[in-house]
Structures are given as C-alpha cells and as structure tokens.
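In what follows, a structure is listed as structure tokens, so that the remarks can point back to it.
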Amino acid sequence: MVIAIDGPAASGKGTLARRLAAYYGLPHLDTGLLYRAVGAIVLAQGRLQDEAAAVEAARTLDVAALDPDTLRTAELGEAASVVAARGGVRAALLDLQHRFAAQPGGAVLDGRDIGTVICPKAQAKLFVTATPEVRAERRHRELIGRGEDIAYAAVLADIRKRDERDSARAAAPLVQADDAVLLDTSALDIAQAFEAALAIVEARRRGS
Ligand SMILES: Nc1ncnc2c1ncn2[C@@H]1O[C@H](COP(=O)(O)OP(=O)(O)OP(=O)(O)O)[C@@H](O)[C@H]1O
Ligand SMILES: Nc1ccn([C@@H]2O[C@H](COP(=O)(O)O)[C@@H](O)[C@H]2O)c(=O)n1
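Just so we're aligned, residue 3 is where the sequence shown starts under this note's numbering, counting upward by one.
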C-alpha cells in the first residue's frame, strides 16, 4: 500500500507519516528533506538563486547522507522552498521518489506533491492541515526545543511566506489532490490526529 501525505509547513504530516509507517511496517520518506538538502548545498555555495547549481545539487544528492537534525532548521526550510520552485530541481528528484514509492509492499511519503505528482495512484491520500497560528506555535516550540533562538512572530511569518510560495509556484504547487481526504489537526493532539489518519487509511484499504 502506498500512503501519500501532503500539506502545508508544520501541519503535522511528518509526524503522521512516521506513525503510519511504523503501524503498517512500511518505509517512510520525508521528501521535504530532499529539498532542504539541496537548499543547504546551494546556500553553502552562496548560490541559492542559481538554478543550474540547484539542479546539479539535486542530480548528485547523496540520499543516504541526509541528516534530519541538521536539515530541520528555519533557514533551510526557507532555502528549500526557494529551490523547490525550480522545475529542473523537481525533475531531478523525481526518479528517486518514484523508486522509493515502488518498493514491494509499498511506502509512506510526505511532502507537497505526493498525491498529485509523485504517487497519483496512491491507495490512500491525506491532506493534513491546521491554522497558520497553530502550526507556528508547534514549530516554534520544536525549534526552541532544538536550541534555535527564534521568535514566534518570525516562525509565523516564515510559515505564511512558505505556504504562499509553495502554493503559487508553477511547478507542482501545494494543492489538495481531488481524491485526498482533508484532515485538519488544529484542535487535535498527536494521538487524536493519528487515530483520525488511521481511520482514513483503513477506510481506503477497505475500499470505502
Ligand atoms: N496534532 C499535533 N498536536 C501537537 N503538536 C503536533 C501535532 N502534530 C505535529 N505536532 C508537532 O508539530 C511540529 C510539526 O510537526 P511535523 O514536523 O510533523 O510537521 P510537518 O508538516 O511534517 O512539517 P514540515 O512541513 O516542516 O515537514 C512537530 O514538533 C510535531 O511534534
Ligand atoms: N514534496 C515536497 C516536499 C517539500 N517541498 C519543499 O520543501 C520545503 C521544505 O519542506 P518541509 O516539508 O521540510 O517543510 C517546502 O516548503 C517546499 O517548498 C516541496 O516542494 N515538495
């Protein structure tokens, strides 16, 4: 079974993807890390706005070396969103995502375009969201917990800016797939959100 989970920044899709993957014993790919890694490479080169550099970084990305702890910063979230708007970067990352999704038994992938572009035939599709304020609160708590010195207002501004850029871009914009089920987690804790996500996936598995 392939489970596709999309949604805006800090909506909780990664948390749900990890839990669903553990529940069903499926491999999980957080595709945001791919774009964050490309962003990190071109940022270090001082070439964030250079499309050719970003495409080359995507083409030669060492997926085995991705380090979530160093990639999940506010700065790299913004850099990821810049390089992710480049069609060439997205094209360079297509094949590895397709191969991940095609593993025997299936996989769980989360990102922005999983249900629409990467896995349009996924058996279960969720579009996970929450209000920008709730998402910013959660992300702010997470970043502070990891030692980043950042204000809530800056996190909220970053989330709004990234949502806007991710939704407005021409290449694989953030949009709910027609056959995805919307899950708003604004008023749900993690356990409640997981129960709701599991019910959605189980309904799809049963064909309802
Ligand atoms: N329902 C929830 N209630 C409270 N906190 C939550 C909930 N879901 C997720 N969180 C917390 O919110 C933060 C963001 O969640 P998560 O990383 O899963 O979001 P995401 O959508 O994958 O983010 P990104 O777009 O950056 O990849 C994490 O610290 C996570 O523990
Ligand atoms: N399938 C995807 C996944 C991510 N992006 C872009 O990367 C940025 C960072 O993603 P996070 O999930 O780690 O927050 C995100 O803002 C998108 O611009 C993408 O385009 N497609």
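Beta carbons are placed, not taken as given, at the ideal position from N, Cα and C, and that holds for glycine.
Problem - With 16 other Cβ atoms within 10 Å as the buried cut-off, status of residue 36 - result: buried
Practice task
Flag residue 116 as yes when its Cβ comes closer than 8 Å to any non-hydrogen atom of ligand 4, and as no otherwise.
Solution key: No copy of ligand 4 occurs in the structure displayed; its ligands are ligand 1 and ligand 2 alone.
Problem - 7 Å Cβ shell around residue 84 - same chain, five flanking residues per side excluded - result: 41, 50
Problem - Under 9 Å between C-beta atoms of residue 161 and residue 33 - result: no
Practice task
Verify whether the separation of the beta carbon atoms of residue 171 and residue 157 is less than 9 Å.
Solution key: no
Problem - Closer than 8 Å: residue 180 CB and nearest ligand 2 heavy atom - result: no
Handout entry: Length of the line joining the Cα atoms of residue 53 and residue 60
Key = Approximately 11 Å, taken between the alpha carbons.
Exercise for the section: Please determine, among 150, 195, 111, the residue with the shortest C-alpha to C-alpha distance to residue 184. Expected result: Looking only at 150, 195, 111, the smallest Cα-Cα distance to residue 184 is reached by 195.
Handout entry: Where the alpha helix (DSSP H) through residue 31 begins and ends
Key = Segment 30–32 is the beta strand (DSSP E) holding residue 31; no alpha helix (DSSP H) there.
Handout entry: residue 162 CB to nearest heavy atom of ligand 1 below 8 Å
Key = Judged by the Cβ position, residue 162 fails to qualify as a neighbour of ligand 1 at the 8 Å threshold, every heavy atom of the ligand being at least this far.
Exercise for the section: Return no unless some Cβ of chain C is closer than 9 Å to the Cβ of residue 94. Expected result: The question asks about chain C, but that chain is absent: this structure has only one protein chain.
Problem - beta strand (DSSP E) segment containing residue 2, residue limits - result: Coverage of the chain is limited to positions 3 through 210, which leaves residue 2 absent and any answer about it impossible.
Exercise for the section: Over the uninterrupted alpha helix (DSSP H) stretch that includes residue 108, give me the two end residues. Expected result: First-last for residue 108: undefined, no H or E at that position.
Exercise for the section: Have a look at 66, 121, 187, 152 and flag the residue whose alpha-carbon is nearest the alpha-carbon of residue 12. Expected result: 187
Problem - Which of helix, strand or coil DSSP assigns to residue 123 - result: coil
Exercise for the section: Would you check if the distance between the CB atom of residue 56 and the CB atom of residue 91 is smaller than 9 Å? Expected result: yes
Exercise for the section: Pull up the distance between the alpha-carbon of residue 202 and that of residue 48, whole angstroms please. Expected result: 43 Å
Practice task
Kindly indicate the opening and closing residues of the beta strand (DSSP E) around residue 183.
Solution key: 183–186
Handout entry: Enclosing alpha helix (DSSP H) for residue 70 [first to last residue]
Key = 70–73
Exercise for the section: Could you please give the first and the last residue of the uninterrupted alpha helix (DSSP H) stretch that includes residue 134? Expected result: 134–147
Exercise for the section: Could you tell me whether any non-hydrogen atom of ligand 1 is closer than 8 Å to the CB of residue 171? Expected result: no
Problem - C-alpha distance - residue 168 paired with residue 122, whole-angstrom precision - result: Looking at the two C-alpha atoms, the distance is approximately 19 Å.
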